[in-house]
Ligand SMILES: C[S@@+](CC[C@H](N)C(=O)[O-])C[C@H]1O[C@@H](n2cnc3c(N)ncnc32)[C@H](O)[C@@H]1O
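Chains as they are written, first to last, in my numbering: chain E, 324 to 574; chain W, 4 to 205.
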């Protein structure tokens, strides 16, 4: 490998220096933070709610457990996890972006959720938590933005308790041609336009579309999870593979 | 692959809805806390794990810990499927077998006996109109065109229904059921709102 390759990574389809990517990703989410929830609904026609519910179900989280909602953004999953763990359990909402975290915190406080929820500004690649501290670590629509995905998976594995599980909910690769064609048109042509109109930010949404295509295929991500030491790894395609939930256990 | 989590979500919501109707739910669940009850649904041989908590039962699809008791039966025998408005149909009866902690198992069997869950309604909440739509397509046996674009969800629903078809009712019953499906389509929004409300009070 040449040094040039080692020090550069992809930002959507643009090659950029690795250190710049972290800043650029942060920029993307800074610029969409306030409209994020509206955009979520518009972009997926509200289906993301079902995807998230399926992910929560697959997390097998029970009352009293401790959950890390990594790349948790505005806290959609934190809210769902909180319901499952109840007052005896706890959820940590963690994100690299302080603007996202702030929006999330305000939203959770508005819903009266404070007691069993904590907030942490973290980079998924090097989590600042002790070994064996969570029953479940979930990263929803976040892993594709992480530069070193393997490092993130290893870090997630480390902070899991034995018997705990990693859940990755992420845009993935359509399993049939028709869906792929429709989806490509939608995400490359339509989505950035909607983004321009609603969030006044075409580039950010173009980046989102591109980063989805660069994300590892279902089987590749499953292999990466196994390499990180997770076991019983499997994935569940949703909406013809437009989205997939990957799950792995630490034993 | 995605059918199982949707099924579990629907089952969990429905089960807890039912439990909430009973004022003594906490009293009943307290002694069961931290027990794990495995349920195997025939003929799919799919196992779910019921985990009683303070005031609800949570359902998971895999448990690293071993279950305390194991109940096996068909959806119909477990009281989880009702395709007709008439509950007294012969093919709705069925055997349930219990291994492990028998007392615990029997307690749960009692719950199931009383259950009259319309799972399709609850599933409609998660899959919206399209589930009812796909279901109606299947029941009308016009699944030619969508064979091409069948995805995991749809395949699983088809398999699920085909397997269950041993229990499926004859023509007139299907017609009746289709009416329910049509009604479901119309009602899906109202239902979603209602179930969300239930979800919030849990
Ligand atoms: C698309 S949002 C997903 C938010 C939320 N999980 C949801 O599903 O609604 C992606 C989030 O990942 C965060 N993120 C990106 N790179 C990250 C990293 N290396 N570590 C932690 N969070 C990161 C972004 O700040 C952003 O809030």
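Note that beta-carbon positions come from the ideal geometry of N, C-alpha and C, so glycine has one too.
- Our two residues, residue 470/E and residue 496/E, have alpha carbons roughly 19 Å apart in a direct line.
- Under the 8 Å Cβ criterion, the stretch 404 to 411 of chain E does not count as touching the stretch 470 to 482 of chain E, having fewer than three qualifying pairs.
- Take residue 71/W, set aside five residues on each side of it, and the residues of its chain with a beta-carbon closer than 7 Å to its own are 38, 39, 40, 103, 104, 107, in chain order.
- Here residue 453/E has 482 as same chain residues with Cβ atoms under 8 Å from its own Cβ, once five neighbours each way along the sequence are excluded.
- The continuous stretches of alpha helix (DSSP H) do not include residue 496/E, and DSSP gives it neither H nor E.
- A residue is called buried when at least 16 other Cβ atoms come within 10 angstroms of its Cβ; residue 112/W meets this threshold and is buried.
- At least one CB atom of chain W sits nearer than 8 Å to the CB of residue 559/E.
- The beta carbon of residue 8/W sits closer than 8 Å to those of 64, all from its chain and outside the five residues before and after it, given in chain order.
- Residues of the stretch 45 to 60 of chain W with a Cβ closer than 7 Å to any Cβ of chain E, in chain order: 54, 56, 57.
- Excluding the 5 residues flanking it on each side, residue 455/E has same chain C-beta neighbours closer than 6 Å at 484, in chain order.
- Apart from sequence neighbours up to five positions away, the residues of its chain that approach residue 572/E with a beta-carbon distance below 6 Å are 488, 554, 555, ordered along the chain.
- Taking 3 residues as the shortest admissible run, the stretch 404 to 471 of chain E contains the following complete beta strand (DSSP E) segments, listed from N- to C-terminal end: 413 to 418, 440 to 444, 457 to 463.
- Residue 380/E belongs to the set of residues whose beta carbon lies under 8 Å from a beta carbon in chain W.
- Annotated three-state conformation of residue 383/E is coil, per DSSP.
- Taking a contact to require three or more Cβ pairs closer than 8 Å, the stretch 383 to 401 of chain E and the stretch 48 to 58 of chain W qualify as touching.
- Sequence-distant Cβ neighbours of residue 99/W in its own chain, meaning closer than 8 Å and more than five residues away, are 74, 75, 76, 80, 81, 112, 115.
- If you look at residue 546/E, you'll find it in the alpha helix (DSSP H) that goes 541 to 550.
- Close to residue 9/W, with beta-carbon spacing below 7 Å, are these residues of chain E in chain order: 377.
- For residue 572/E, the enclosing beta strand (DSSP E) covers residues 566 to 572.
- Taking C-beta atoms under 8 Å as the contact rule, residue 544/E and residue 569/E qualify, at a distance of about 6 Å.
- Residues of chain W with a Cβ closer than 9 Å to the Cβ of residue 388/E do not exist, since the nearest Cβ in that chain sits about 10 Å away.
- Listed along chain E is no residue with a C-beta nearer than 9 Å to that of residue 21/W; the closest approach is about 18 Å.
- With fewer than 16 other Cβ atoms from the protein chains shown falling within 10 Å of its own Cβ, residue 109/W counts as exposed.
- Not one beta carbon of chain W lies nearer than 8 Å to the beta carbon of residue 509/E.
- Residues of chain E whose Cβ lies closer than 9 Å to the Cβ of residue 64/W are, in chain order, 380, 381, 383.
- Take residue 466/E, set aside five residues on each side of it, and the residues of its chain with a beta-carbon closer than 7 Å to its own are 472, 475, 491, 493, in chain order.
- Proximity of the beta carbon of residue 419/E to ligand 1 is indicated: a heavy atom of the ligand is located closer than 7 Å.
- Taking 8 Å as the upper bound on Cβ-Cβ separation, chain W lies near residues 486, 498, 499, 501, 502 of the stretch 486 to 518 of chain E.
- With distances taken between CA atoms, residue 420/E lies nearest to 447/E out of 566/E, 501/E, 447/E.
- Here residue 27/W is exposed, its C-beta having fewer than 16 other C-beta atoms within 10 Å.
- One Cα belongs to residue 399/E, the other to residue 373/E, and the distance between them is close to 12 Å.
- Against chain W, the CB of residue 409/E has a partner CB under 8 Å away; the residue lies at that interface.
- If you check the C-beta of residue 559/E against ligand 1, you find no heavy atom less than 7 Å away.
- Within 10 angstroms of the beta-carbon of residue 515/E lie 16 or more other beta-carbons, which makes it buried.
- Contact note: residue 77/W does not reach chain E at a C-beta cutoff of 9 Å; the least C-beta distance is about 22 Å.
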